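Peer 1: Below is the structure I would like to discuss, written out as structure tokens.
Protein chains in written order, with the numbering used here: chain A, 658 to 1134; chain B, 153 to 376.
Right, here's the structure in full:
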């Protein structure tokens, strides 16, 4: 189904261009249609993922399709949310620019797992940065401009390091393939066992540092809470649920080649170091947040730490857990941001101390935000419960089982912070003068979609999806 | 031993001299008082990088590098500096020094960082096919000093130029160890840089529009 890759390549960018000229209502409808078509194309790839198109420049395998599922789902859900969030009254110019940028951002994230090779991967991730930096600034406030600048600068410097990692890996390949060749994944994987080990080690460390900047790994995470908190909420949802995931995907591509070249020990140790630092810092910072969206941003950093630690375990079950975690985090974090957007619209603030009685004020999105936060806290029956269970199981069966115990302790710490603030803001009496009711039925619909997906992932993932995860985990070994 | 002590070939000496010139312009950018002079130094540095590509193309008979040298010249020596200089002309701000530390301290820190980068990167077992290995160490040193430029200067133009010059450092590293990188990929990288430059320009313009300054001092509301 090579044509489905071509459709994925052209759909969101076509929608983006159309949004520049259409009335906001049409742009909203087109965005939802673009998201739905993307989901349909990705769904077709799930049973038979390995597909190549355009002379090998586009290629997906099981690993790519896992990340495509996360991105496509969140693209559709966020488009639905954005219909309720960006009202036509916000202004035609703003609406057009927002939806054009939104779809272009989605396009950059869709093509990241679709392009074949480390060089185009870097280009795609760089495109996600420049587009999303503009979207972070689109609300035209002082704080948004500051967050956008810091994001663009820090992420670009990180991607400069990632480009160096790509160049170094190219050099490693040139010792086998000669001076000029394409950095396509199958070629690299085939030649990797003969690559010089010190060069591959250098490349992998640079890649984790470079792409880790976009993924939110400590200590190169500092842009993330600012950008997530100041961006329009639909952009925050995409940044958190999809962009961090595709940055992790870039690291996994280097991981695959490195494991083939130098074995799994060194790459796992590098990821373990970054993962523990990331999870520890996020778990501690979660307890001191006063801003609803920053709280969710630190929760994202926490989950990226879980992913990095999960990849450091040798058990195959942990890798399945990591990939499931990517999907579950996308659904949970998207839903939580949608709920945060609804709450902010209702109370007119992001300050956690000023929001009270969310469940009473928002009869649908309030309880659903609580459920999404419980999902993020790995409560059953949601997908993160299942994924973290698999990761911890893998960790406890690892020779270094103490890491599994550290993971459990730090995740519990993070859970306490997240659930404490959720209970403080969502429970209790509704402040006087607050009108009970939802701001938009589209926001409710997007949250229902996210929670259903999160529950399905936790209770009983579809058989084809489970097979996909197992195949993708096998590709990583 | 005698072979190791022998004088470098024309190619070795020439390429290392150009890589060193790239590093020296980075130092000059670090201490340059005005944003405008920093942009001109960036153009000079890009000229050196384009010259390095041309030098490798001529001496090693790599036709693709002629195109890369030409493209690099057009984009990095002409287009990007023009975009940034025009932005500076339109901003009409009072030019103030944005050094976070004294110039002598900054340069000393940068010398230490550059030496660290040169010796650590140079000690890696990377045997350059196209250029002598010391050039790879110089590229590493240049990248580290570019990071310092972003950290030690508190104005948006210096920080943007820091990123652009980081890309120049990666270009030198790329020529050193990956000169055979397919031209199509090099072109994509360069156009991607151009897009990044435009977005940097837009955000500098937004920042100036909101604060009437190019300093990053007002950017202190958010703390990561």
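Virtual Cβ for every residue (Gly too), placed ideally from N, Cα, C. It should be emphasised that the depicted structure is a prediction, and the values quoted were computed from it without experimental measurement.
#1: When the distance is taken between beta carbons, is residue 353(B) closer than 8 Å to residue 220(B)?
#2: Check each candidate in 804(A), 828(A), 871(A), 889(A) and name the one with the smallest Cα separation from residue 776(A).
#3: I believe residue 174(B) touches residue 294(B) by the beta-carbon criterion, under 8 Å. Please report the beta-carbon distance rounded to the nearest angstrom.
#4: Suppose the cutoff is 7 Å on Cβ atoms and the five residues either side in sequence are ignored; what does the same chain contact list for residue 778(A) look like?
#5: Looking at the strands, I want to know which residues DSSP matches up with residue 709(A).
#6: Alpha carbon to alpha carbon, how far is residue 993(A) from residue 1131(A)? Give it in angstroms, no decimals.
#7: Give me, in chain order, the residues of the same chain whose beta-carbon lies closer than 6 Å to that of residue 1129(A); leave out the 5 immediate sequence neighbours on both sides.
#8: Helix, strand or coil: how does DSSP classify residue 1008(A) here?
#9: Output the boundary residues of the alpha helix (DSSP H) element that contains residue 335(B).
#10: Please state if the CB of residue 269(B) and the CB of residue 385(B) are separated by a distance shorter than 8 Å.
#11: Determine the contact status of residue 914(A) and residue 849(A), defining contact as a CB-CB distance below 8 Å.
#12: Within the continuous alpha helix (DSSP H) that includes residue 1034(A), where are the two ends?
#13: Apply the 10 Å Cβ neighbour rule to residue 244(B) and answer buried if 16 or more other Cβ atoms are within range, or exposed otherwise.
#14: Taking residue 367(B) and residue 306(B) to be in contact with their CB atoms under 8 Å, please state how far apart those CB atoms are, rounded to whole angstroms.
#15: With DSSP collapsed to three states, give me the class of residue 1117(A).
#16: Which residues of chain B have a Cβ atom closer than 7 Å to the Cβ of residue 776(A), listed in chain order?
#17: Return helix, strand or coil for residue 244(B), following the three-state DSSP convention.
#18: Examine chain A for any beta-carbon lying closer than 8 Å to the beta-carbon of residue 233(B), and answer yes or no.
#19: Go ahead and pull the three-state DSSP assignment for residue 948(A).
#20: How would you call residue 1012(A), buried or exposed, if buried means at least 16 neighbouring beta carbons within 10 angstroms?
#21: Rounded to the nearest angstrom, what separates residue 664(A) and residue 750(A) at their Cα positions?
#22: Cutting at 8 Å between CB atoms, please list the residues of its own chain near residue 985(A), excluding the five before and the five after it.
#23: Does the beta carbon of residue 344(B) come closer than 8 Å to any beta carbon on chain A?
#24: Among 287(B), 310(B), 336(B), which one has its Cα closest to the Cα of residue 251(B)?
#25: For the 8 Å Cβ check, are there 3 or more pairs between the stretch 223-236 of chain B and the stretch 198-212 of chain B?
#26: Please list, in chain order, the residues of the stretch 850-867 of chain A that have any C-beta partner in chain B closer than 8 Å.
#27: Nearest CA to the CA of residue 987(A): which residue from 898(A), 971(A), 926(A)?
#28: By how many angstroms is the C-alpha of residue 170(B) removed from the C-alpha of residue 944(A)?
#29: For the alpha helix (DSSP H) that residue 926(A) lies in, which residues bound it at each end?
#30: With 9 Å as the limit, tell me which residues of the stretch 176-201 of chain B have their beta carbon closer than that to any beta carbon of chain A; keep them in chain order.
#31: Check residue 168(B) in the structure and name its three-state DSSP category.
#32: Tell me, please, whether the CB atom of residue 947(A) is closer than 8 Å to any CB atom in chain B?
#33: Rounded to whole angstroms, what's the CA-CA distance from residue 681(A) to residue 265(B)? Just pull it up for me.
#34: From residue 836(A) to residue 879(A), what distance separates their C-alpha atoms?
#35: Just the Cα atoms here: how many angstroms apart are residue 873(A) and residue 211(B)?
#36: Can you find at least 3 beta carbon pairs, one from the stretch 753-767 of chain A and one from the stretch 790-798 of chain A, that sit closer than 8 Å?
Peer 2: According to the structure data:
#1: The count along the second chain starts at 1 and reaches residue 220(B) at position 68. The count along the second chain starts at 1 and reaches residue 353(B) at position 201. No, the pair does not count as a contact, with Cβ atoms beyond the cut-off.
#2: For the purposes of this step, residue 776(A) is identified with residue 119 of the first chain, where counting begins at 1. Selected option, being the one with the closest Cα: 828(A).
#3: What you label residue 174(B) is simply residue 22 of the second chain in a count that begins at 1. What you label residue 294(B) is simply residue 142 of the second chain in a count that begins at 1. Contact holds; Cβ gap of about 6 Å.
#4: Working through the first chain from its first residue, we reach residue 778(A) at position 121. Result list for residue 778(A): 769, 772, 907, 910, in chain order.
#5: Here residue 709(A) refers to the residue found at position 52 of the first chain. Answer is 716(A), bridged to residue 709(A).
#6: The sequence position of residue 1131(A) within the first chain is 474, counting from 1. The sequence position of residue 993(A) within the first chain is 336, counting from 1. Going from the Cα of residue 1131(A) to the Cα of residue 993(A) covers about 31 Å.
#7: Indexing the first chain from 1 puts residue 1129(A) at position 472. Once the five neighbours on either side are set aside, the close Cβ partners of residue 1129(A) are 719, 720, 723, 980.
#8: The residue you call residue 1008(A) lines up with position 351 of the first chain. In this structure, residue 1008(A) counts as strand in the three-state DSSP scheme.
#9: Counting from one through the second chain, the residue named residue 335(B) turns up at place 183. 335-363 is the extent of the alpha helix (DSSP H) around residue 335(B).
#10: Lying outside 153 to 376, the shown extent of chain B, residue 385(B) is not represented and no answer is given.
#11: Numbered from 1 along the first chain, position 257 holds the residue referred to as residue 914(A). Numbered from 1 along the first chain, position 192 holds the residue referred to as residue 849(A). Cβ atoms of residue 914(A) and residue 849(A): closer than 8 Å.
#12: Numbered from 1 along the first chain, position 377 holds the residue referred to as residue 1034(A). First-last for residue 1034(A): undefined, no H or E at that position.
#13: For the purposes of this step, residue 244(B) is taken as the residue at position 92 of the second chain. Taking a 10 Å sphere around the C-beta of residue 244(B), we find fewer than 16 other C-beta atoms and assign the residue as exposed.
#14: Counting from 1 along the second chain, the entry for residue 367(B) is found at position 215. Counting from 1 along the second chain, the entry for residue 306(B) is found at position 154. Going by Cβ atoms, the distance from residue 367(B) to residue 306(B) rounds to 6 Å, so yes, they are a contact pair.
#15: What you label residue 1117(A) is simply residue 460 of the first chain in a count that begins at 1. For residue 1117(A), the secondary structure class from DSSP, reduced to helix, strand or coil, is coil.
#16: Here residue 776(A) refers to the residue found at position 119 of the first chain. For residue 776(A), the residues of chain B that pass the 7 Å Cβ criterion are 337, in the order they occur in the chain.
#17: In the second chain, the residue the question calls residue 244(B) occupies position 92. Here DSSP, grouped into helix, strand and coil, assigns residue 244(B) to coil.
#18: By one-based count along the second chain, residue 233(B) stands at place 81. Under the 8 Å criterion on CB atoms, residue 233(B) is classed as non-interfacial with respect to chain A.
#19: Start at 1 with the first residue of the first chain, and residue 948(A) comes out as number 291. The answer is strand: DSSP assigns residue 948(A) an E or B state.
#20: For the purposes of this step, residue 1012(A) is taken as the residue at position 355 of the first chain. The residue in question, residue 1012(A), is buried, as its Cβ has 16 or more Cβ neighbours within 10 Å.
#21: Position 7 of the first chain, counted from the first residue, corresponds to residue 664(A). Position 93 of the first chain, counted from the first residue, corresponds to residue 750(A). Spanning the two alpha carbons is a distance of roughly 28 Å.
#22: Your numbering for residue 985(A) matches position 328 in the first chain. So the list reads 1032, 1039, 1040, 1041, 1043, 1044, 1111, 1114, 1115, once near-sequence residues are dropped.
#23: Here residue 344(B) is taken as the residue at index 192 of the second chain, counted from 1. For residue 344(B), the answer is yes, since a Cβ of chain A falls inside 8 Å of its Cβ.
#24: Locating residue 251(B) in the second chain gives position 99, counting from the first residue. Measuring from the Cα of residue 251(B), the nearest candidate turns out to be 310(B).
#25: At 8 Å Cβ cutoff, the stretches touch.
#26: Going along the stretch 850-867 of chain A in chain order, one finds 853, 855, 856, 859 with a Cβ nearer than 8 Å to chain B.
#27: Residue numbering aside, residue 987(A) sits at position 330 when the first chain is read from its first letter. Closest in alpha carbon position to residue 987(A), among 898(A), 971(A), 926(A), is 898(A).
#28: Within the first chain, numbered from 1, the residue matching residue 944(A) stands at position 287. Within the second chain, numbered from 1, the residue matching residue 170(B) stands at position 18. Approximately 52 Å between the Cα atoms of the pair.
#29: Locating residue 926(A) in the first chain gives position 269, where the first residue counts as 1. From DSSP, the alpha helix (DSSP H) with residue 926(A) extends over 922-943.
#30: None of the residues of the stretch 176-201 of chain B has a beta carbon lying less than 9 Å from any beta carbon of chain A.
#31: In the second chain, counting from the first residue as 1, residue 168(B) sits at position 16. Here residue 168(B) carries a helix assignment [DSSP, helix/strand/coil].
#32: Translated into the one-based positions of the first chain, residue 947(A) becomes position 290. Not one chain B Cβ lies under 8 Å of residue 947(A).
#33: Within the first chain, the letter at position 24 stands for residue 681(A). Within the second chain, the letter at position 113 stands for residue 265(B). In this structure, the straight-line span from the alpha carbon of residue 681(A) to that of residue 265(B) is close to 52 Å.
#34: Here residue 836(A) corresponds to residue number 179 of the first chain, with the count starting at 1. Here residue 879(A) corresponds to residue number 222 of the first chain, with the count starting at 1. Between residue 836(A) and residue 879(A), the C-alpha separation is close to 38 Å.
#35: Numbered from 1 along the first chain, position 216 holds the residue referred to as residue 873(A). Numbered from 1 along the second chain, position 59 holds the residue referred to as residue 211(B). Distance between the alpha carbons of residue 873(A) and residue 211(B): 43 Å.
#36: Taking 8 Å as the limit for Cβ pairs, the verdict is that the stretch 790-798 of chain A does touch the stretch 753-767 of chain A.
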